[in-house]
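Undergrad: Line order of the protein sequences matches chains A and B.
All residue numbers for the first sequence refer to our numbering, where the first residue is 1 and numbers rise by one.
All residue numbers for the second sequence refer to our numbering, where the first residue is 1 and numbers rise by one.
All residues carry an ideal CB built from backbone N, CA and C; glycine is no exception.
Dumping the structure here so I can ask a few things about it.
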Amino acid sequence: MKHKKRWLSAALLGAVMCSLLTGCGGGNDETAQAETAGEDGLTHLSLQLSWLPQGEFMGYYVAQSKGYYEDEGLEVEILPGSSDVSPAEQVENGVVQLGNGFYTDILSYREADYDLINVAQWYQDSPLYLVSKKSAGINSPADLKGKRIGSWFGGQQYEIYALLGKYGIDRDNDVEWVQQDFTMDAFYNDQLDAASAMSYNEYHLVLDNGYSADDLNVINMNDEGVNMYEDCLFVDREWAEANSDTLTAFIRATVKGWRDACADPEEAGQICWDAGQSVSLQHQIDMCTEAAKAVCPEDIGPDKIGWIDPEEAQKTIDLGCEYTLLNEKVDYTESVDTSYWEAAVAE
Amino acid sequence: MKARTQTLRWRMLSVLLPVAFLVLIIALLQTKAIHQIFGFTTAQLPLPTQICTQFARNLDKIVENGWTTVSVALLGLILGSFLGFLSAAIASVKPRIFQGMLPLLVAINSISVVAMAPIMNRWFESSFCAKAAVVTIACIGAMSVNAYKGMNDLPVFSRDLMYSYAASDSVQFFFLQLPNCLPRLFVGLRTNVVTAMISAIISEFFSTESQGLGYMIKTSLKIGNQKVLGWAYIIAAAAVSIFIYFVITLIERRALKERSR
Numbered sequence: 001m002k003h004k005k006r007w008l009s010a011a012l013l014g015a016v017m018c019s020l021l022t023g024c025g026g027g028n029d030e031t032a033q034a035e036t037a038g039e040d041g042l043t044h045l046s047l048q049l050s051w052l053p054q055g056e057f058m059g060y061y062v063a064q065s066k067g068y069y070e071d072e073g074l075e076v077e078i079l080p081g082s083s084d085v086s087p088a089e090q091v092e093n094g095v096v097q098l099g100n101g102f103y104t105d106i107l108s109y110r111e112a113d114y115d116l117i118n119v120a121q122w123y124q125d126s127p128l129y130l131v132s133k134k135s136a137g138i139n140s141p142a143d144l145k146g147k148r149i150g151s152w153f154g155g156q157q158y159e160i161y162a163l164l165g166k167y168g169i170d171r172d173n174d175v176e177w178v179q180q181d182f183t184m185d186a187f188y189n190d191q192l193d194a195a196s197a198m199s200y201n202e203y204h205l206v207l208d209n210g211y212s213a214d215d216l217n218v219i220n221m222n223d224e225g226v227n228m229y230e231d232c233l234f235v236d237r238e239w240a241e242a243n244s245d246t247l248t249a250f251i252r253a254t255v256k257g258w259r260d261a262c263a264d265p266e267e268a269g270q271i272c273w274d275a276g277q278s279v280s281l282q283h284q285i286d287m288c289t290e291a292a293k294a295v296c297p298e299d300i301g302p303d304k305i306g307w308i309d310p311e312e313a314q315k316t317i318d319l320g321c322e323y324t325l326l327n328e329k330v331d332y333t334e335s336v337d338t339s340y341w342e343a344a345v346a347e
Numbered sequence: 001m002k003a004r005t006q007t008l009r010w011r012m013l014s015v016l017l018p019v020a021f022l023v024l025i026i027a028l029l030q031t032k033a034i035h036q037i038f039g040f041t042t043a044q045l046p047l048p049t050q051i052c053t054q055f056a057r058n059l060d061k062i063v064e065n066g067w068t069t070v071s072v073a074l075l076g077l078i079l080g081s082f083l084g085f086l087s088a089a090i091a092s093v094k095p096r097i098f099q100g101m102l103p104l105l106v107a108i109n110s111i112s113v114v115a116m117a118p119i120m121n122r123w124f125e126s127s128f129c130a131k132a133a134v135v136t137i138a139c140i141g142a143m144s145v146n147a148y149k150g151m152n153d154l155p156v157f158s159r160d161l162m163y164s165y166a167a168s169d170s171v172q173f174f175f176l177q178l179p180n181c182l183p184r185l186f187v188g189l190r191t192n193v194v195t196a197m198i199s200a201i202i203s204e205f206f207s208t209e210s211q212g213l214g215y216m217i218k219t220s221l222k223i224g225n226q227k228v229l230g231w232a233y234i235i236a237a238a239a240v241s242i243f244i245y246f247v248i249t250l251i252e253r254r255a256l257k258e259r260s261r
């Protein structure tokens, strides 16, 4: 009798656990449905960012704070990210409808059968720098041979692989790799020679820390022609097809946000600082100023914010294939759909 | 005779049951039964065959990174266990000290590796030392408490017997307390194997060095099309832990047998 009871309770416990876990399952089997407006007349959307609320994402925050989303009948919740939250997973699992992340990241997830598409490319230029102290003697990328190079290894390393490849440096044997955390301490403490730094973030941290631009050597990926597409807006393809009007409205409002932000980075910095105080107000403003340069470079201009350049997109894939990010050389059109952006900026 | 066949049967069962359970889990994974129940895609939870393929394809790298982690874990395990043992020994000779030390030990034990690893990175220039330091600190507590218990949970009247011999503190320590704590010592060691591997792997998440199982797990799981490789490294980490645990159990059996003779 006693035994029977024990078995029974074990079986019950098992059943409860199973039903609980099934409820938590992350599957996204259901076909995408159109989002509908709530009682307040607004359609609720959530957006997963790839990092903290900072100037990197100023377009969204400016659109939010200026009410551009509401004007489009949207209520948008902007979820800050961290290094351990993958926007691609969040979108795939249906936790959020919209994701912000690197185009390179989307390409890599596509190889794992996630049908995600880039619908607006915010960063036209790569903001990634390799920064070194003058004393390290890295005056050109060729000097990286034999040096210690830092990366966060969150997908940002492939541009550096491409850079090394361009200069014939063997990334497995000719250099030493250092894992960077999200401070620049390893750089200050000479635990590495060349550190990864985003033009809008870490580079300014270094400048704020008492280094002047004259003390530093900076390698710019765009100048070297090994730039790859970074932050973009992406969604699940099926969801996009079922919600084309909503998505277009969101892009329209966000493009407006980016335009305002690029025109007035100081105001954008204040807005970002109101959204998150992970860095100082001045740093937020600096971030916005630098981000504006990459989102809205002079040769592209404010009318084309969010534009996906076919050549750049294909170049990202080609470089990705050459440098172990991707296994298959595909046509960029498979992972990109510009129609929503085109509709959004048509007027 | 009957008793012997029965123990033999138990022994066989104790091996067969876990193996059968493992096979069942693998079968459930391979047939995607678990995927069906929880609604996972194979991208979220790769099939055993996929993981094995990646494992085989990257074997040399897995061995190389595995060794990095094991060397850190073993060094930390030895250092931490030694320090824990030492503190227990001091405390057994001077019990008052133990009472003062206990809160400190609890405090040290409750610092999570996630908090300790970045701090150690700033303290030590070499990332190997930083990682080993994290493991060392994580291993002190369990060994200290276990060794102390072993040294002081003595057979009834054994202290009195020693007293009647007029045995000095050191004689008592070396001939009564030390042998008595041997089984507990192994309990501490076995606990620490798992602690050491986990803390070595987690501190690799934060390390500046771009090597080790923890580093590989972290970076592969971050790249969309390399997740299966991440799983292969997770399996490797588990296998290594089990192997070291097994070795310590073997030594334990040997040592305790010698002692009972």
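Using 8 Å as the limit for Cβ to Cβ distance, is A:Ala162 near chain B?
TA: Here residue 162 of chain A is taken as the residue at index 162 of the first sequence, counted from 1. A:Ala162 does not count as touching chain B.
Undergrad: Could you tell me if B:Tyr163 is buried or exposed, where buried requires 16 or more neighbouring beta carbons within 10 angstroms of its beta carbon?
TA: Within the second sequence, residue 163 of chain B is the residue found at index 163, counting from 1. Counting Cβ neighbours within 10 Å, B:Tyr163 comes out exposed, since fewer than 16 surround it.
Undergrad: For B:Asp169, which residues of its own chain have a beta-carbon under 7 Å away from its beta-carbon, when the five flanking residues on both sides are left out?
TA: In the second sequence, residue 169 of chain B corresponds to position 169, counting from 1. If we look at B:Asp169 and ignore the five residues flanking it on each side, its Cβ neighbours are Val93.
Undergrad: Between which two residues does the alpha helix (DSSP H) harbouring A:Met58 extend?
TA: Position 58 of the first sequence, counted from the start, is the residue given in the question as residue 58 of chain A. Where A:Met58 is concerned, the enclosing alpha helix (DSSP H) stretches over 58-65.
Undergrad: For A:Val233, which option in A:Glu176, A:Gly101, A:Gly150, A:Asp113 has the closest C-alpha, if you only look at C-alpha atoms?
TA: By one-based count along the first sequence, residue 233 of chain A stands at place 233. Sequence inspection shows Leu at residue 233 of chain A; the Val mentioned does not correspond to that position. Measuring from the Cα of A:Leu233, the nearest candidate turns out to be A:Gly101.
Undergrad: I want to see whether chain A comes within less than 8 Å of B:Ser112, judged by CB atoms only; does it?
TA: By 1-based counting over the second sequence, the position of residue 112 of chain B is 112. For B:Ser112, the answer is no, since every Cβ of chain A falls outside 8 Å of its Cβ.
Undergrad: In the DSSP output, which residue or residues are listed as bridge partners for A:Trp177?
TA: Here the question's residue 177 of chain A lines up with position 177 in the first sequence. Answer is A:Ile149.
Undergrad: Quick one: give me the first and last residue of the alpha helix (DSSP H) that B:Thr136 is part of.
TA: Along the second sequence, read from residue 1 onward, the residue named residue 136 of chain B stands at position 136. 127-152 is the extent of the alpha helix (DSSP H) around B:Thr136.
Undergrad: For the segment 90-111 of chain A, which residues have a CB atom closer than 7 Å to at least one CB atom of chain B, in sequence order?
TA: From the segment 90-111 of chain A, only Asp105, Ser108, Tyr109, Glu111 have a Cβ closer than 7 Å to chain B.
Undergrad: With contact counted as at least three CB pairs below 8 Å, one residue from each stretch, are the segment 44-57 of chain A and the segment 274-286 of chain A in contact?
TA: Taking 8 Å as the limit for Cβ pairs, the verdict is that the segment 274-286 of chain A does touch the segment 44-57 of chain A.
Undergrad: Does the contact criterion of 3 or more C-beta pairs under 8 Å hold for the segment 286-299 of chain A versus the segment 64-76 of chain A?
TA: Segments in contact, no.
Undergrad: Kindly indicate which three-state DSSP category B:Met116 falls into: helix, strand or coil?
TA: The residue given as residue 116 of chain B occupies position 116 in the second sequence. Residue state, collapsed to three classes: helix.
Undergrad: For B:Val114, is the classification buried or exposed, using 16 other Cβ atoms within 10 angstroms of its Cβ as the cut-off for buried?
TA: Walking along the second sequence from the start, residue 114 of chain B turns up at place 114. With fewer than 16 other Cβ atoms within 10 Å, it is exposed.
Undergrad: How is the beta strand (DSSP E) around A:Tyr129 delimited, first residue to last?
TA: If you number the first sequence from 1, residue 129 of chain A lands on position 129. Per DSSP, A:Tyr129 belongs to the beta strand (DSSP E) from 128-133.
Undergrad: How close, in whole Å, do the beta carbons of A:Val96 and A:Lys145 come, if the pair is a contact with beta carbons under 8 Å?
TA: Here residue 96 of chain A refers to the residue found at position 96 when the first sequence is read from its first residue. Here residue 145 of chain A refers to the residue found at position 145 when the first sequence is read from its first residue. Not really, about 43 Å apart at Cβ, beyond 8 Å.
Undergrad: Below 8 Å between beta carbons is the criterion; list the residues of the segment 296-330 of chain A that meet it against any residue of chain B, in chain order.
TA: Listed in sequence order: Leu325, Leu326, Asn327.
Undergrad: Is the Cβ-Cβ distance between A:Leu319 and A:Val226 less than 8 Å?
TA: As a working note, residue 319 of chain A is residue 319 in the first sequence. As a working note, residue 226 of chain A is residue 226 in the first sequence. Yes, the Cβ-Cβ distance between A:Leu319 and A:Val226 is below 8 Å.
Undergrad: Are the segment 220-231 of chain B and the segment 140-159 of chain A touching, with three or more C-beta to C-beta distances below 8 Å?
TA: Counting Cβ pairs under 8 Å, three or more are found: they touch.
Undergrad: Alpha carbon to alpha carbon, how far is A:Gly99 from A:Tyr340? Give it in angstroms, no decimals.
TA: Counted from its first residue, the first sequence places residue 340 of chain A at position 340. Counted from its first residue, the first sequence places residue 99 of chain A at position 99. Rounded to whole angstroms, A:Tyr340 to A:Gly99 spans 15 Å at the Cα level.
Undergrad: In the DSSP assignment, the beta strand (DSSP E) including B:Met101 goes from what residue to what residue?
TA: Within the second sequence, the letter at position 101 stands for residue 101 of chain B. Looking at the DSSP string, B:Met101 is not in any beta strand (DSSP E); the run it does join, the alpha helix (DSSP H), is 95-110.
Undergrad: In three-state terms, what does DSSP make of B:Gly76?
TA: Residue numbering aside, residue 76 of chain B sits at position 76 when the second sequence is read from its first letter. Residue state, collapsed to three classes: helix.
Undergrad: Quick one: using the 10 Å Cβ neighbour count with 16 as the cut-off for buried, is B:Phe175 buried or exposed?
TA: Numbered from its first residue, the second sequence carries residue 175 of chain B at position 175. By the 10 Å Cβ count, B:Phe175 comes out exposed.
Undergrad: For B:Pro118, which residues of its own chain have a beta-carbon under 8 Å away from its beta-carbon, when the five flanking residues on both sides are left out?
TA: For the purposes of this step, residue 118 of chain B is identified with residue 118 of the second sequence, where counting begins at 1. Phe206, listed in sequence order.
Undergrad: Does the beta carbon of A:Asp170 come closer than 8 Å to any beta carbon on chain B?
TA: Translated into positions along the first sequence, residue 170 of chain A becomes position 170. It does not: the Cβ of A:Asp170 has no partner Cβ on chain B nearer than 8 Å.
Undergrad: On the three-state DSSP scale, how would you describe A:Ala37?
TA: For the purposes of this step, residue 37 of chain A is taken as residue 37 along the first sequence, with counting starting at 1. If DSSP states are grouped into helix, strand and coil, A:Ala37 belongs with the strands.
Undergrad: Go to B:Met216, then tell me how far its alpha helix (DSSP H) extends in each direction, as first and last residue.
TA: Taking the second sequence and counting its residues from 1, the one referred to as residue 216 of chain B is at position 216. Note, B:Met216: alpha helix (DSSP H), 213-222.
Undergrad: Between B:Arg4 and B:Ser81, what straight-line distance do the alpha-carbon atoms span, to the nearest angstrom?
TA: As a working mapping, residue 4 of chain B is identified with position 4 in the second sequence. As a working mapping, residue 81 of chain B is identified with position 81 in the second sequence. Going from the Cα of B:Arg4 to the Cα of B:Ser81 covers about 37 Å.
Undergrad: Which same chain residues, not among the five before or five after B:Ala142, have their C-beta less than 8 Å away from its C-beta?
TA: Taking the second sequence and counting its residues from 1, the one referred to as residue 142 of chain B is at position 142. Excluding residues within five positions, the ones whose Cβ falls inside 8 Å are Gly84, Asn109, Gly188, Thr191, Asn192, Thr195.
Undergrad: List, in order along the chain, the chain B residues whose C-beta lies closer than 7 Å to that of A:Trp177?
TA: Sequence index remark: in the first sequence, residue 177 of chain A carries index 177 (1-based). Those are Ser210, listed as they occur along chain B.
Undergrad: For a contact defined as C-beta to C-beta under 9 Å, what are the partners of A:Gln191 on chain B?
TA: Indexing the first sequence from 1 puts residue 191 of chain A at position 191. Per Cβ cutoff of 9 Å: Asn121, Glu125, Ser127, Thr208.
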